[in-house]
Amino acid sequence: MPSKITAPRGTQDIFPPVTRAWLALETVIHDLARRFGYGEIRTPMFEATELFVRGVGETTDIVEKEMYTFLDKGERSMTLRPEWTAPVMRAALEHNLFSHGPQRLYYVGPIFRYERPQKGRYRQSHQFGVECTGFAGPEADLEVIALAWELVRAHGITDAELNINSIGDDVCRPKYRDALLEHFRPHVHELSADSQRRLDRNPLRLLDSKDERDRPFIETAPSFESVLCDACREHFDALKAYLGECNIPFVVNPQIVRGLDYYTRTVFEITSSALGAQSTVCGGGRYDGLVKSLGGPDVPAVGFALGIERFLMMIEAVHGERALPRSGVQAIALGSQARAALVPVAVELRRLLDAPVFMDYEDRKLLAHLKIADRNHARFALVLGSDELAGGHIVVRDLETREDRRVPLGRAADVAAALGEAR
RNA sequence: GUGGUUGUAGCUCAGUUGGUUAGAGCGUCGGUCUGUGGAUCCGAAGGUCGCCGGUUCGAGACCGGUCAGCCACCCCA
Numbered sequence: 000m001p002s003k004i005t006a007p008r009g010t011q012d013i014f015p016p017v018t019r020a021w022l023a024l025e026t027v028i029h030d031l032a033r034r035f036g037y038g039e040i041r042t043p044m045f046e047a048t049e050l051f052v053r054g055v056g057e058t059t060d061i062v063e064k065e066m067y068t069f070l071d072k073g074e075r076s077m078t079l080r081p082e083w084t085a086p087v088m089r090a091a092l093e094h095n096l097f098s099h100g101p102q103r104l105y106y107v108g109p110i111f112r113y114e115r116p117q118k119g120r121y122r123q124s125h126q127f128g129v130e131c132t133g134f135a136g137p138e139a140d141l142e143v144i145a146l147a148w149e150l151v152r153a154h155g156i157t158d159a160e161l162n163i164n165s166i167g168d169d170v171c172r173p174k175y176r177d178a179l180l181e182h183f184r185p186h187v188h189e190l191s192a193d194s195q196r197r198l199d200r201n202p203l204r205l206l207d208s209k210d211e212r213d214r215p216f217i218e219t220a221p222s223f224e225s226v227l228c229d230a231c232r233e234h235f236d237a238l239k240a241y242l243g244e245c246n247i248p249f250v251v252n253p254q255i256v257r258g259l260d261y262y263t264r265t266v267f268e269i270t271s272s273a274l275g276a277q278s279t280v281c282g283g284g285r286y287d288g289l290v291k292s293l294g295g296p297d298v299p300a301v302g303f304a305l306g307i308e309r310f311l312m313m314i315e316a317v318h319g320e321r322a323l324p325r326s327g328v329q330a331i332a333l334g335s336q337a338r339a340a341l342v343p344v345a346v347e348l349r350r351l352l353d354a355p356v357f358m359d360y361e362d363r364k365l366l367a368h369l370k371i372a373d374r375n376h377a378r379f380a381l382v383l384g385s386d387e388l389a390g391g392h393i394v395v396r397d398l399e400t401r402e403d404r405r406v407p408l409g410r411a412a413d414v415a416a417a418l419g420e421a422r
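Residue numbers for the first sequence follow numbering that gives the first Met the number 0, so the first one is 0 and each next one is one higher.
Printed below as a string of structure tokens:
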């Protein structure tokens with residue numbers, strides 16, 4: 000037997016009722032973005048590989064080992080979108096959006112990264128994110144953080160924590176880098192192998208090492224705040240003040256670094272203990288240099304990305320799986336004659352009712368049909384058998400109160416009205 | 001990419017030191033109940049034991065490989 004074809008590693012099929020939870024979250028997201036004045040953008044699921052190499056950074060893990068890259072039939076190197084920010088900026092640039100002033104854009108959709116799957120990590124995952132361009136001041140930082148936090152707050156997620164940090168700009172980041180090198184260099188051989196590698200590549204990332212051997216040196220490392228230039232410090236202080244005034248609780252965490260090259264100044268993360276080792280549900284920050292590095296004007300920008308799968312895990316950890324309330328009607332026909340009469344009624348009811356109308360087309364006993372109605376979580380059953388057919392009525396049964404009533408069969412509108420009353 | 005761990009019915013899992021014909025619960029379907037549901041009881045369907053190879057008289061059990069799930073590292077949402 001040929002081996003069964005299965006979904007590729009790290010991808011998943013999503014069925015009802017889980018798809019319902021996805022739709023509910025997406026609905027909240029679209030509404031939230033609208034209230035903050037953001038418009039939705041959709042971009043291709045694949046892009047020229049070059050976009051990510053230049054946008055995300057050549058030495059980042061994403062570019063070095065996590066991209067799904069392939070050659071198309073024209074021998075062009077293409078890559079499945081591993082993150083949204085670079086494509087969104089590319090699209091905005093390509094269509095000259097930046098010449099029309101500040102932009103507020105958001106997206107919801109899949110990203111692809113070639114990684115070994117684990118809890119909260121998949122090869123295809125989905126992100127919601129926003130990009131706010133054209134504002135250099137801390138107000139924009141506050142705006143996107145407030146938007147992300149509102150999503151968390153609205154779902155009553157109590158164990159979420161907002162961490163913020165500033166990683167400086169072109170002026171002070173090199174200084175900090177040097178300070179770190181100076182601090183760690185004398186102890187190179189006492190550091191973990193990973194950290195020794197990081198020291199050359201990206202000393203900032205050494206700060207979030209989990210290795211016990213690195214801990215003592217990380218604890219004594221100089222903090223970025225001590226090196227921030229005046230402009231960056233002012234920006235960071237203003238943001239903290241705004242967050243306080245808006246009652247958004249946060250902690251300053253000097254170890255937040257972000258893995259992508261384009262971040263400047265503000266970086267932030269929202270974490271939760273519900274997610275295992277992958278505790279970050281939302282990560283973002285300011286990326287003032289990205290648009291320029293993609294060949295565009297010098298446009299400041301700030302945004303975040305939020306993992307949909309991880310967020311759903313958080314919601315479930317807090318609320319558990321909710322029992323579905325009864326809703327809609329089960330149309331039950333006993334016999335072929337009744338079925339022929341009821342099918343058009345069901346179709347008409349679907350036009351009239353704002354609730355599901357279920358119907359099973361097999362020949363079954365009433366009992367079996369009622370069991371199906373239960374399984375569908377229907378609120379009402381419409382029973383049409385030979386007696387009702389002869390009498391020109393239909394029996395409406397309330398499956399919660401077990402009450403039966405007769406309704407004239409003549410027009411579906413009458414049935415719909417009866418259901419409306421009964422509710 | 002590295003490490004640990006697990007693959008037996010749709011789901012959750014038993015299966016003795018290797019031994020004839022593969023087990024349970026839940027779920028599904030039918031009956032119990034010629035037309036009134038979530039329960040009870042009875043019955044049925046459903047498996048080349050992830051896949052390939054090896055050891056053996058004999059493999060679901062042992063060995064190797066491979067694929068996949070889960071978890072962690074690296075890193076990230």
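All residues carry an ideal CB built from backbone N, CA and C; glycine is no exception.
Helix or strand or just coil, what does DSSP make of residue i?
i	result
D287	coil
T18	helix
Y241	helix
T270	strand
Q195	helix
V87	helix
F134	coil
M0	Bear in mind that a pLDDT of 37 at M0, under 50, signals an unreliable position, so the model cannot answer this.
P407	strand
A304	strand
M313	helix
H392	strand
R257	coil
L441	Examination of residue 441 is not possible in this model, given that the chain is present from 0 through 422 alone.
R249	Checking the displayed sequence, the identity of residue 249 turns out to be Phe instead of Arg. Note: F249 maps to coil in three-state DSSP.
D213	helix
V298	coil
L328	With the sequence shown as reference, residue 328 is identified as Val, and Leu is not the correct amino acid for it. DSSP places V328 in strand when its eight states are reduced to three.
R75	coil
C228	coil
R200	helix
A380	strand
L70	strand
R374	helix
A416	helix
L398	coil
L92	helix
L206	helix
What distance in whole Å lies between the Cβ atoms of residue j and residue i, which are believed to be in contact at a cut-off of 8 angstroms?
i	j	result
Y241	V129	That pair is no contact at about 17 angstroms.
P355	G327	4 angstroms
V226	Y175	5 angstroms
L381	I331	6 angstroms
P221	A178	5 angstroms
L325	A367	The residue you asked about is not Leu; residue 325 is Arg in the sequence shown. At roughly 19 angstroms, the Cβ-Cβ gap does not stay under 8 angstroms, so R325 and A367 are not in contact.
T228	S165	Correcting the residue identity first, residue 228 is Cys in this sequence and not Thr. Contact flag wrong, Cβ pair sits at about 10 angstroms.
A337	L418	Actually they do not touch by this definition, with Cβ atoms about 19 angstroms apart.
E149	R112	With 8 angstroms as the limit, E149 and R112 do not qualify as a contact, their Cβ atoms being about 27 angstroms apart.
D199	R264	Going by Cβ atoms, the distance from D199 to R264 rounds to 24 angstroms, so no, they are not a contact pair.
Where does residue i land, buried or exposed, given buried means 16+ other C-beta within 10 angstroms?
i	result
V266	buried
I393	buried
M44	exposed
S18	Checking the displayed sequence, the identity of residue 18 turns out to be Thr instead of Ser. Exposed, by the Cβ-count rule.
Q329	buried
R257	buried
R196	exposed
N375	buried
I110	buried
Y261	buried
H234	buried
T132	buried
I156	buried
G284	buried
F202	Note on identity: in this sequence residue 202 is Pro, with Phe being the wrong assignment. P202 is buried by the Cβ-count criterion.
E138	exposed
Q117	exposed
Practice task
Please go through the segment 335-371 and give each complete alpha helix (DSSP H) segment of 4 or more residues, from N-terminal end onward.
Solution key: 335-351
Exercise for the section: Inspect the CB distances between the segment 61-78 and the segment 272-281 and report whether three or more fall short of 8 angstroms. Expected result: no
Exercise for the section: Mind the definition here: the segment 119-127 touches the segment 303-322 only if three or more C-beta pairs lie below 8 angstroms; say whether that holds. Expected result: yes
Exercise for the section: Please go through the segment 8-64 and give each complete beta strand (DSSP E) segment of 3 or more residues, from N-terminal end onward. Expected result: 45-47
Practice task
Output the residue ranges of the alpha helix (DSSP H) runs that lie fully inside the segment 107-175 and measure 4 residues or longer, sorted by chain position.
Solution key: 137-153
Handout entry: Sufficient close CB pairs (3 or more, under 8 angstroms) joining the segment 55-63 to the segment 97-104
Key = no
Practice task
Flag this pair as touching only if the segment 140-159 and the segment 244-255 have three or more C-beta atom pairs under 8 angstroms; answer yes or no.
Solution key: yes
Problem - Meets three-Cβ-pair contact criterion under 8 angstroms: the segment 407-417 and the segment 340-347 - result: yes
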